[in-house]
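Taking it in order: structure first as structure tokens, then the write-up.
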Amino acid sequence: MMSAERGAALATLGNYQRDLEDFAGFAHGRAASIVSADTGLVRDYLAFMSDRGLTASTAGRRLSALRQFFGFLYAEGLREDDPCIAVEGPRRSRPLPKVLSENEVGSLLNKARETTGPNGARLLALVETLYATGLRVSELVSLPLSAARSDSRVLMVRGKGDKERIVPLSESAKEAIVGYVALRQHFLKGDEDSPWLFPSRGARGHLSERRFAQMIKDLAYDSGIDPTRVSPHVLRHAFASHLLAHGADLRTVQQILGHADISTTQIYTHVLEERLKEMVTQHHPLSI
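Heads up: the sequence shown at position 213 corresponds to 214 in this note's numbering, and the numbers run straight through without jumps.
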């Protein structure tokens, strides 16, 4: 069925076979068979994998193979039940996003302000806007020239799924953009204008994500910060976690970031939890 109906690749078929054979071996050791396995045996198998030190992702993949297998048996009338329906998969711990402290972001901004000329003005406008809005790097580098209106307090951003959202713009970011626009002609091809706020002489017509990422790493190096810790996405993380740390609610941060599901935004609450634990450990009189 996996091959004929779903067109699964040979590697996928091999993975399913190995996972089912592993469960079959476990069932045999419990004097049971893979076809007649019940819910208790499936749960015992998950506990067995945990005791062996298998990662949650590996255990989850094997459980997925079992669900596909028993779902097939049930659909074909070869079983009257599906033993996996009531079985919860192992919880995968999501890695905490890398984030910079407020002082570190301040160092980046200060160093950008010290950079002179058109390149310095563009760099400051990019970093100020990114930290003020939390835009995705693709959204930032492709901002239209209309975003440079000096009287605008918000940005209209077209994000994933071609969805538009409104993002507030800080005064310092607006000032940086206005200062950059005065020198923007330096980045144009000859005399013609461009629809992009951050034009480039490259094929895409605007600054590339890769080039901006390198600019950020160079800025980090000049600021005395490990460049491996800094990227446009890390600044987006910093924007979100710093907002929450100063009392913003999760729904507001979700809307500004353009997350379709709030569960994506909730990863930042873990950052705050870690900080709260550290604060209590350092300052509570009974934590010594």
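Where is the CB? At the ideal position from N, CA and C, for every residue including glycine.
DSSP lists P169 as the beta-bridge partner residues of V155. Annotated three-state conformation of P228 is helix, per DSSP. Put simply, the backbone Cα of H238 is about 10 angstroms away from that of L131.
D219 and T56 have their alpha carbons spaced roughly 36 angstroms apart. Following the DSSP letters along the chain, one finds T56 in no alpha helix (DSSP H), marked with neither H nor E. Of the candidates P169, E129, L245 and P145, the residue whose Cα lies closest to the Cα of S153 is P169.
Excluding sequence positions up to five before and after K112, its CB lies within less than 8 angstroms of the CB of L220, D223 and S224, all in the same chain and listed in chain order. The straight-line gap separating the alpha-carbon atoms of L146 and H187 is approximately 15 angstroms. Cβ-Cβ separation between P84 and F71: approximately 6 angstroms, consistent with a contact (criterion under 8 angstroms). In this structure, A122 places its C-beta atom within 9 angstroms of the C-beta atom of A177. A Cβ-Cβ distance of about 6 angstroms is found for the pair V235 and L101, placing them in contact under the 8 angstroms criterion. Residue state for P145 is assigned as strand, using DSSP reduced to three classes. Its chain contains H207 as the residues whose beta carbon lies nearer than 6 angstroms to that of S143, once the 5 sequence neighbours on both sides are disregarded; these appear in chain order. Distance from the CA atom of E279 to the CA atom of Y181, rounded to whole angstroms, is 40 angstroms.
Annotated as distal: L74 and V43, with beta-carbon spacing of 9 angstroms or more. CA-to-CA, the gap between R211 and G248 works out to about 33 angstroms. With a threshold of 16 other beta carbon atoms within 10 Å, T134 meets it and is buried.
Between the C-alpha atoms of S108 and P286 there is a straight-line separation of about 33 angstroms. When DSSP states are grouped into helix, strand and coil, H243 belongs to the helix group. Runs of the alpha helix (DSSP H) lying entirely within the region 195-228, each at least 4 residues long, are 210-223 in chain order. In the three-state reduction of the DSSP assignment, V100 falls in the coil class.
The shortest CA-to-CA distance from R80 to any of V36, R19 and R53 is the one to V36. Shown here, G72 sits in a helix according to DSSP, grouped into three states. Taking C-beta atoms as the reference points, V138 and P233 count as a pair closer than 9 angstroms.
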